[in-house]
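There are 2 protein chains.
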Amino acid sequence: MASIVLYLNNSAKDITFPLLEDRFQFLNPNTSSDSSFSSLAGTVRILLCVANSPVNSETLDKYPSLECVVGSTTGLNHIDLAECRRRGIRVTNAGDAFADDAADYAVGLLIDTLRRISAADRFVRAGSWAVKGQFPLSYKVWGKRVGIAGMGSIGRRISKRLQALGCSIAYNSRKPKANISFPFYASVQELASNVDILVVCLALTNETRHIINRDVMKALGKEGIIVNIGRGSLIDEKEMVKLLVKGEIGGAGLDVFENEPVVPQELYALGNVVLSPHRGGAVPESLLRLQEIMIANIEAFFANKPLLSEIELE
Amino acid sequence: MASIVLYLNNSAKDITFPLLEDRFQFLNPNTSSDSSFSSLAGTVRILLCVANSPVNSETLDKYPSLECVVGSTTGLNHIDLAECRRRGIRVTNAGDAFADDAADYAVGLLIDTLRRISAADRFVRAGSWAVKGQFPLSYKVWGKRVGIAGMGSIGRRISKRLQALGCSIAYNSRKPKANISFPFYASVQELASNVDILVVCLALTNETRHIINRDVMKALGKEGIIVNIGRGSLIDEKEMVKLLVKGEIGGAGLDVFENEPVVPQELYALGNVVLSPHRGGAVPESLLRLQEIMIANIEAFFANKPLLSEIELE
Chain A
1 MASIVLYLNN SAKDITFPLL EDRFQFLNPN TSSDSSFSSL AGTVRILLCV ANSPVNSETL
61 DKYPSLECVV GSTTGLNHID LAECRRRGIR VTNAGDAFAD DAADYAVGLL IDTLRRISAA
121 DRFVRAGSWA VKGQFPLSYK VWGKRVGIAG MGSIGRRISK RLQALGCSIA YNSRKPKANI
181 SFPFYASVQE LASNVDILVV CLALTNETRH IINRDVMKAL GKEGIIVNIG RGSLIDEKEM
241 VKLLVKGEIG GAGLDVFENE PVVPQELYAL GNVVLSPHRG GAVPESLLRL QEIMIANIEA
301 FFANKPLLSE IELE
Chain B
1 MASIVLYLNN SAKDITFPLL EDRFQFLNPN TSSDSSFSSL AGTVRILLCV ANSPVNSETL
61 DKYPSLECVV GSTTGLNHID LAECRRRGIR VTNAGDAFAD DAADYAVGLL IDTLRRISAA
121 DRFVRAGSWA VKGQFPLSYK VWGKRVGIAG MGSIGRRISK RLQALGCSIA YNSRKPKANI
181 SFPFYASVQE LASNVDILVV CLALTNETRH IINRDVMKAL GKEGIIVNIG RGSLIDEKEM
241 VKLLVKGEIG GAGLDVFENE PVVPQELYAL GNVVLSPHRG GAVPESLLRL QEIMIANIEA
301 FFANKPLLSE IELE
């Protein structure tokens, strides 16, 4: 009985965790027969939340014995953390499973957007090189001032990579980080005023929703570039689209959007944006690492040991 | 008379060097009237070679007083260096004008090819995300073994960047470099056998033409990735296309091709290649730096001082 894990997948994503299936007994409300399920639902102590399946009051009400929610993502905006805290339910996230790969992807989007690699690839594939002559000049990476909005495990890794590319780094977070020597700005707008590129890798919360608003983007300016690998709703997407279309910001590399998988159609026509379908961390090795982290969390929970990637519920 | 510079542009590229036009008197065989030109051609001592304009015996015969050829590119495969040496004509190249930008571009192509960024961008722009669901997993950057074929000013810069991305580096060049501690392989095939990714940034010479042949690519293997920012003819392009089409190498990020602007049509259908129209160094800052370097070379020549970026004619 102790190793039963409630398996909740109400996301649109077709994800499986074979390493966990081998190790634990899953209770899946979407596939269990009514009789067996209802007898176990009242006793299950731990929930595995697949991708961005919503976990809210209504979900939690169904499983009164829950003590722990194991998330499978870095950001947990789909989980009502305040409600978990109120009920004394602990929550874990994906830890650093995706951190290196998300950082690599952010750097790839940054170089691609500045140097126009995807646009150049389209140009070649359209057969334009022989017809239209040279593809336009692009923008230098070396020497750019990059602002990191959200200096967590991913932001730190992005900083390290971009320093080797000759960029200077500044950052914004709730408070200055003790072991980070880059210039700190107390507001993201102040940060945007002082950089050429804004890399968004904040956690999405009620406080950070639309934190990259029109004023921040105007502060970034006509030549400014936004890279977003956090969550779509960190940016006021409607405003961003307007500013991109009008040329009031310089470009964007976007792995995330407000209403995935819907991407604003106006962006399709723009050559200065790179559009990516939320694949920042999506490599086989990170999915293996994620499963190892989730297994470690679940086993620690059942063994009454400290959880591996428990998040602080403030 | 001393500051007359022969301006040779027989390339297909529409390039101008405004900073040089301000400073020197250009003699342009393509625009000069016959009478003024023929009287000066016999006396001109220095030639500015624009882009890949061929400079061979026939060219040099026309200008018997030439003492120096100032190149505007990093690679000088369009200049007959052996013939220049025989005639005692000194040659300069673009120095490090494009080195940082070419290195950035190589890193961008490498991340793009592994993480499938341009392919993902096509997927989104085709409206496939909402219809076909998740874009496939891609390949991790961190931990990859990268072989640098050609450890010159660009290769060194690529190595530094890729180390920050968690890659391990090995290299091949004519001989081991004194101040480089990465493992050295005496042949490019041996290098290819020991790495996941081969970054080609050699100078194109008679010795290096098609140095990346079928055997080298087979040694790289089915999961192996090629990044080429050197010259198209460093690779046996026909063989590369065959191997890519058959899946006998894993992918390629290509900024250069054998018959630019012609790109083999078979590549257009492949999702595991990134195709770029020779734009590795093409940012405004590098074109300014190039002009500064060319001015310094020309002024040093006229002042009988050491040239800034003279190459060794072996």
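Protein sequences appear in the order of chains A and B. Position 39, counted from 1, in the first sequence is what the working numbering calls 39; the numbers after and before it change by one each time, with no gaps. Position 62, counted from 1, in the second sequence is what the working numbering calls 62; the numbers after and before it change by one each time, with no gaps. Glycine included, every Cβ here is placed at the ideal spot set by N, Cα and C.
Distances from the CA of D215 of chain A to each of A:E190, A:N30 and A:G271 were compared; the closest alpha carbon is that of A:E190.
For Q189 of chain B, no CB of chain A lies under 8 Å from its own CB, so it is not counted at the interface with that chain. Checking the DSSP bridge columns, you'll see T92 of chain A partnered with A:V70 and A:E310. Cα atoms of C68 of chain B and V200 of chain B: separation of roughly 29 Å, rounded to the nearest angstrom.
Minimum Cα-Cα distance from G271 of chain A among the listed residues A:I117, A:R157, A:A303 and A:F98 corresponds to A:I117.
Cβ atoms of E266 of chain B and V241 of chain B come within 8 Å of each other, at about 5 Å. T59 of chain B and I298 of chain B have their alpha carbons spaced roughly 20 Å apart. Under DSSP, A149 of chain A takes part in a beta bridge, and its partners are A:N172 and A:V200.
F26 of chain A sits in a strand when the DSSP states are folded into three classes.
Looking at B:N179, B:P261, B:D14 and B:P64, the one whose alpha-carbon comes closest to that of L6 of chain B is B:P64.
Contact note: A164 of chain B reaches chain A through K160, R161, Q163, A164 and L165, using a C-beta cutoff of 8 Å and chain order. Cβ-Cβ distances below 7 Å link D255 of chain A to Y105, L109, N228, I229, S276, H278, R279 and G280 in the same chain, with the five nearest sequence neighbours on each side left out; the list follows chain order. Nearest neighbour of G42 of chain A by Cα position, chosen from A:D61, A:F26 and A:R122, turns out to be A:D61.
Counting the other Cβ atoms within 10 Å of the Cβ of G251 of chain B gives 16 or more, which makes it buried.
Partner residues in the beta bridge of C49 of chain B, as assigned by DSSP, are B:L8 and B:G71. The beta carbons of H210 of chain A and S233 of chain A sit about 7 Å from each other, so the pair counts as a contact at 8 Å. Neighbours of P18 of chain B in chain A, taken as residues at a C-beta separation under 9 Å, are lacking, since the least C-beta distance is about 14 Å.
Among the residues facing chain A, F98 of chain B is not included, as its CB has no counterpart in that chain under 8 Å away. In this structure K132 of chain A is not in contact with V283 of chain B, their Cβ atoms being roughly 19 Å apart against a cut-off of 8 Å.
Secondary structure of N297 of chain A (DSSP, three-state): helix. CA-CA distance, V55 of chain B to S33 of chain B, rounds to 22 Å.
A residue is called buried when at least 16 other Cβ atoms come within 10 angstroms of its Cβ; N9 of chain A meets this threshold and is buried. Listed as beta-bridge partners of F184 of chain B by DSSP are B:Y171. With a minimum length of 3 residues, the unbroken runs of beta strand (DSSP E) contained wholly in the region 207-247 of chain B fall at 225-228.
Taking a Cβ-Cβ cut-off of 7 Å, the neighbours of L137 of chain A in chain B comprise A282, V283 and P284, given in sequence order. For K144 of chain B, not one C-beta of chain A is nearer than 8 Å to its own C-beta. For the 8 Å CB-CB criterion, L40 of chain B and I4 of chain B form a contact. Residues of chain B whose Cβ lies closer than 7 Å to the Cβ of R125 of chain A are, in chain order, Y268 and L275. Taken through DSSP and simplified to helix, strand or coil, I111 of chain A comes out as helix. Taking 8 Å as the CB threshold, L244 of chain A stays off the interface with chain B.
Minimum Cα-Cα distance from E312 of chain A among the listed residues A:R125, A:I148, A:I89 and A:R122 corresponds to A:I89. Residues of the region 171-205 of chain A with a Cβ closer than 9 Å to any Cβ of chain B: none. Sequence-distant Cβ neighbours of A192 of chain B in its own chain, meaning closer than 6 Å and more than five residues away, are L198, V216, A219 and L220.
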